[in-house]
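A.B. asks: So that we are looking at the same thing, I have put the structure below in structure tokens.
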Amino acid sequence: MGQLVFRGIALILILAQLGCGFQLRGSNLAIRSYPFTSLYIDSSLPIANRLRALLALDSRVKVMPSAGNAELVLRVSDSNQTKRILTIARNGRLVSEYRLNYSLTAQVWSHGIPLAIDLEIHQFRDLKVYQASILGKAKEEELLWRDMEQTIAQQLLYRLSSQQMSRAIAAVPISDTVSIR
4 MGQLVFRGIA
14 LILILAQLGC
24 GFQLRGSNLA
34 IRSYPFTSLY
44 IDSSLPIANR
54 LRALLALDSR
64 VKVMPSAGNA
74 ELVLRVSDSN
84 QTKRILTIAR
94 NGRLVSEYRL
104 NYSLTAQVWS
114 HGIPLAIDLE
124 IHQFRDLKVY
134 QASILGKAKE
144 EELLWRDMEQ
154 TIAQQLLYRL
164 SSQQMSRAIA
174 AVPISDTVSI
184 R
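To convert, take the position in the sequence shown, counting from 1, and add 3; that gives this note's numbering.
Rendered as structure tokens:
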């Protein structure tokens with residue numbers, strides 16, 4: 004009898020979560036609505052490819068091959084990766100922990116007019132170094148860099164879908180457009 008009650012309560016909780024629209028953040032990027040339908044990504048950095056791949060999941064947004072026909076232009080102006088020593092082992096000769104920092108700065112242009120919103124995103128990860136397992140650290144570091152790049156790309160798309168961005172795009176007069184260099 005006790006297990007039957009427990010299973011019934013568990014079933015009710017599962018159905019309640021499904022019914023309320025609960026969803027993990029970032030689990031479905033295509034549900035997000037963007038205040039634009041076409042976007043040009045002005046960057047040759049690897050993160051531009053990640054952004055294109057994430058936007059390809061949403062059929063409502065078209066990534067344009069040139070800035071001329073795009074409703075919105077995303078220009079990644081600065082991307083910086085740094086690795087610094089966070090802690091040193093007791094003997095003072097070996098590093099025991101690094102901090103990996105990844106920062107990105109981008110500007111958004113709508114119909115040739117720069118929006119006043121500069122997008123700055125920072126990520127960091129700590130990498131512990133144990134001398135007994137030093138061989139796999141290069142691969143682990145590479146995976147951490149890729150994870151930070153993916154997270155920054157997702158955060159950039161979240162910011163492009165924000166209400167603040169919608170208001171900034173709506174405030175741009177379409178008749179007074181200028182071309183982007």
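Backbone N, C-alpha and C fix where the C-beta goes; we use that ideal spot for every residue, glycine too.
Determine the contact status of leucine 42 and alanine 73, defining contact as a CB-CB distance below 8 Å.
C.D. replies: The residue labelled residue 42 in the question sits at position 39 within the sequence shown. The residue labelled residue 73 in the question sits at position 70 within the sequence shown. In contact: leucine 42 and alanine 73 (Cβ atoms closer than 8 Å).
A.B. asks: Measuring from the CB of leucine 42, is there a heavy atom of the ligand GDP at a distance below 7 Å?
C.D. replies: As presented, the structure is devoid of all ligands, the ligand GDP included, so that no description of it is given.
A.B. asks: Nearest CA to the CA of glutamine 166: which residue from Lys65, Gln6, Asp121 and Ser36?
C.D. replies: Within the sequence shown, residue 166 is the residue found at index 163, counting from 1. Of Lys65, Gln6, Asp121 and Ser36, the residue nearest in Cα terms is Ser36.
A.B. asks: Out of Ala174, Arg170 and Leu163, state which residue places its alpha-carbon closest to the alpha-carbon of isoleucine 44.
C.D. replies: For the purposes of this step, residue 44 is identified with residue 41 of the sequence shown, where counting begins at 1. When only C-alpha atoms are compared, the closest one is Leu163.
A.B. asks: Take the Cβ of valine 8 as the centre, count every other Cβ of all protein chains shown within 10 Å, and call the residue buried at 16 or more, exposed below.
C.D. replies: Here residue 8 is taken as the residue at index 5 of the sequence shown, counted from 1. Residue environment for valine 8: exposed (fewer than 16 other C-beta atoms within 10 angstroms of its C-beta).
A.B. asks: Quick one: what's valine 79 bridged to in DSSP?
C.D. replies: To locate residue 79, count along the sequence shown from 1; it is residue 76. Beta-bridge annotation (DSSP): valine 79 is paired with Ala109.
A.B. asks: Would you mind giving the Cβ-Cβ distance between leucine 75 and phenylalanine 39, rounded to the nearest angstrom? I have them listed as a contact below 8 Å.
C.D. replies: In the sequence shown, counting from the first residue as 1, residue 75 sits at position 72. In the sequence shown, counting from the first residue as 1, residue 39 sits at position 36. About 4 Å separates the Cβ atoms of leucine 75 and phenylalanine 39, confirming a contact at the 8 Å cut-off.
A.B. asks: Strictly by DSSP, which residues pair up with tyrosine 43?
C.D. replies: On the sequence shown, residue 43 is found 40 positions in, with the first residue counted as 1. Answer is Val76, bridged to tyrosine 43.
A.B. asks: Please classify tyrosine 133: is it buried, with 16 or more other beta-carbons within 10 angstroms of its beta-carbon, or exposed?
C.D. replies: Translated into the one-based positions of the sequence shown, residue 133 becomes position 130. With fewer than 16 Cβ atoms within 10 Å of its Cβ, tyrosine 133 is classed as exposed.
A.B. asks: By the three-class DSSP mapping on this structure, what secondary structure does aspartate 150 have?
C.D. replies: In the sequence shown, residue 150 corresponds to position 147, counting from 1. Correct three-state label for aspartate 150: helix.
A.B. asks: What did DSSP end up calling serine 62 once you bin it into helix, strand or coil?
C.D. replies: What you label residue 62 is simply residue 59 of the sequence shown in a count that begins at 1. In the three-state reduction of the DSSP assignment, serine 62 falls in the coil class.
A.B. asks: Can you name the start and end residues of the alpha helix (DSSP H) that serine 169 belongs to?
C.D. replies: Stepping through the sequence shown from its first residue, residue 169 is reached at position 166. Serine 169 -> alpha helix (DSSP H) spans 166-173.
A.B. asks: Which same chain residues end up closer than 7 Å to glutamine 126 when comparing Cβ atoms and leaving out the 5 residues on each side of it in sequence?
C.D. replies: In the sequence shown, residue 126 corresponds to position 123, counting from 1. So the list reads Tyr105, Met151, Thr154 and Ile155, once near-sequence residues are dropped.
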